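In my numbering, the protein residues as written are 979 to 1283.
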Amino acid sequence: MAIRHFLQFSDLSLPEFEYVMERARIIKRKFKNYEPYHPLLDRTLVMIFEKNSTRTRLSFEAGMHQLGGAAIYLNTRDSQLGRGEPVEDAGQVISRMCDIIMIRTFEQEMIERFAANSRVPVINGLTNQHHPCQVFADVFTYIEHRGTIAGKKVAWIGDANNMLYSWLQAAVIFGFHLHISTPKGYDMDMSLVSADASHYTVFENPSDACAGVDVVNTDVWTSMGYEAENQARLAAFDGWIVDEAKMARANPDALFMHCLPAHRGEEVSAGVIDGPQSVVWDEAENRLHIQKALLEFLVVGKITE
């Protein structure tokens, strides 16, 4: 089987996403029913971290064990990568000792170079430019709660970060529309956006972006790697908090999503994230199930049960 990587959301087709989601439903059901399922017995996942993590490490490590395999944690500070070993050399060596690799790092270029020299599939666990696993879990969560996401409207309130760029790619593949509102100076890098603007609309007013949508989505105002900008960001993002007033402009059955961790009182009010429209805990759990299905798909291919 040809090596497949998942480095950004657009790396899979709609039929492939639909297949992996169906596998995630089956794998999740087995997990909930305490049914052992070990399609990756004797397989090894190497997890390389340059950025800190809670949900990414836990979901991949637990998921690999639950599938019957083993997961090995590597931090770049504790490996030769931290001492300047070329990424290309690391890709050659590490991929000869495992079956699949997940990398959580800063620049997309690094993971692209690594994958180009890997003999096994590579998954993007997060870069500054893309966060495909999180958005895959978010789309899966919406479908679990409300059915098809095709034709729906999703609001993105906050800066143009890796989550937004993955949501933009998802909109093209799944056929939904994004309402985007970013503070001045934190708008989209158009080199990361499709030339086809038919799948998104930009709003100056974040409240207007929430009008009539089916999902309201946000993220922390200061992501990892931008801590030095924190005070400037707090000032620039004034008014971009997702609060009860903004949620009231969305459709009555709209869902609130956040990739976590969250700062109540900054990007979201406690009343929203802890309220009845919030599905943030389901999103977090679904990282586990979606990634288990993705690991299965990339390592052993399609399975018919």
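Note that beta-carbon positions come from the ideal geometry of N, C-alpha and C, so glycine has one too. Bear in mind the structure is a predicted one, so any value in this text is a computation, not a measurement.
{"Asked": "Mind pulling the beta strand (DSSP E) runs of 3 or more residues that sit fully within the region 1155-1194?", "Found": "1155-1159, 1178-1180"}
{"Asked": "Closer than 8 Å is the cut-off here; do at least three beta carbon pairs connect the region 1004-1017 with the region 1078-1089?", "Found": "no"}
{"Asked": "What residues in its chain sit with their C-beta under 6 Å from that of LEU992, if we drop five residues either side in the sequence?", "Found": "ILE1151"}
{"Asked": "Quick one: is ARG1001 buried, meaning 16 or more other Cβ sit within 10 Å of its Cβ, or exposed?", "Found": "buried"}
{"Asked": "Count the other CB atoms, across all protein chains shown, that sit within 10 Å of the CB of GLU1283; report buried if there are 16 or more and exposed otherwise.", "Found": "exposed"}
{"Asked": "Output needed for GLU1182: all residues of its chain with C-beta closer than 6 Å, excluding positions within five of it in sequence on either side, in chain order.", "Found": "none"}
{"Asked": "Just list the alpha helix (DSSP H) runs in the region 1029-1056, keeping only unbroken ones of 4 residues or longer that don't cross its boundaries, in chain order.", "Found": "1033-1044"}
{"Asked": "Alpha carbon to alpha carbon, what distance is there between THR1034 and GLN1238?", "Found": "In the sequence under discussion, the amino acid at residue 1238 is Leu, which differs from the Gln named in the question. In a straight line, the C-alpha of LEU1238 is about 11 Å away from that of THR1034."}
{"Asked": "Is it buried or exposed, LEU1156, if we count other Cβ atoms within 10 angstroms and call 16 or more buried?", "Found": "buried"}
{"Asked": "Count the other C-beta atoms from every protein chain shown that fall within 10 angstroms of the C-beta of HIS1241, then say buried if there are 16 or more, exposed otherwise.", "Found": "exposed"}
{"Asked": "Leaving out the 5 sequence neighbours to the left and right, which residues in its chain are closer than 8 Å to ALA1093 when beta-carbon positions are compared?", "Found": "HIS983, LEU985, GLY1069, VAL1100"}
{"Asked": "How about ASP1116 and GLU996: do their beta carbons lie closer than 7 Å?", "Found": "no"}
{"Asked": "Taking the alpha helix (DSSP H) that ALA1002 belongs to, which residues open and close that run?", "Found": "992-1010"}
{"Asked": "Throw me the rounded Cβ distance for the LEU1220 and VAL1258 pair, which I believe falls under 8 Å.", "Found": "The question names Leu, but residue 1220 in the sequence shown is Val. The pair is not a contact, with the Cβ atoms about 12 Å apart (cut-off 8 Å)."}
{"Asked": "At which residue ranges does the region 1129-1157 contain complete beta strand (DSSP E) runs of 3 or more residues, listed in the order of the chain?", "Found": "1131-1135"}
{"Asked": "Return the residue from the list THR1022, GLY1153, LYS1162, TYR1051 that minimises the CA-CA distance to ALA1210.", "Found": "LYS1162"}
{"Asked": "When DSSP builds the beta bridges, which residues end up paired with PHE1084?", "Found": "None, per the DSSP bridge assignment."}
{"Asked": "So the candidates are THR1126, SER1185, LEU1146, GLU1063; which of them puts its Cα closest to the Cα of ILE1135?", "Found": "SER1185"}
{"Asked": "Compute the minimum distance between the beta carbon of LYS1162 and the heavy atoms of the ligand HEM, and state whether it is under 6 Å.", "Found": "This structure does not include the ligand HEM; it has no bound ligands of any sort."}
{"Asked": "Mind listing, in chain order, the continuous beta strand (DSSP E) runs of no fewer than 3 residues lying wholly within the region 1233-1272?", "Found": "1233-1236"}
{"Asked": "Check whether the Cβ atoms of HIS1016 and GLY1041 lie closer than 7 Å to each other.", "Found": "no"}
{"Asked": "Taking ILE1028 as the reference, which of ASP989, ILE1050, THR1105 has the closest Cα?", "Found": "The sequence given here places Glu at residue 1028; Ile does not occur at that position. The residue with the shortest Cα to Cα distance from GLU1028 is THR1105."}
{"Asked": "For the beta strand (DSSP E) containing GLY1069, list its first residue and its last residue.", "Found": "Looking at the DSSP string, GLY1069 is not in any beta strand (DSSP E); the run it does join, the alpha helix (DSSP H), is 1065-1072."}
{"Asked": "Looking at the unbroken alpha helix (DSSP H) that takes in PHE1114, where does it start and where does it end?", "Found": "1110-1124"}
{"Asked": "Would you check if there are 3 or more beta carbon pairs closer than 8 Å linking the region 1119-1136 to the region 1189-1208?", "Found": "yes"}
{"Asked": "Do SER1096 and SER1073 have their beta-carbon atoms positioned less than 7 Å apart in this structure?", "Found": "yes"}
{"Asked": "Just verifying my parser: in three-state terms, what is the DSSP assignment at MET1225?", "Found": "helix"}
{"Asked": "Please work out which residues of its chain come closer than 6 Å, Cβ to Cβ, to PHE1114, disregarding the five sequence neighbours upstream and downstream, and give them in chain order.", "Found": "ILE1268"}
{"Asked": "Could you spell out the range, first to last residue, of the alpha helix (DSSP H) harbouring LEU1018?", "Found": "From DSSP, LEU1018 is part of no alpha helix (DSSP H); its letter is neither H nor E."}
{"Asked": "Go to LEU1104, then tell me how far its beta strand (DSSP E) extends in each direction, as first and last residue.", "Found": "1100-1104"}
{"Asked": "What are the boundary residues of the alpha helix (DSSP H) that LEU1212 is part of?", "Found": "1208-1214"}
{"Asked": "What are the residues that DSSP puts in a beta bridge with VAL1220?", "Found": "VAL1246"}
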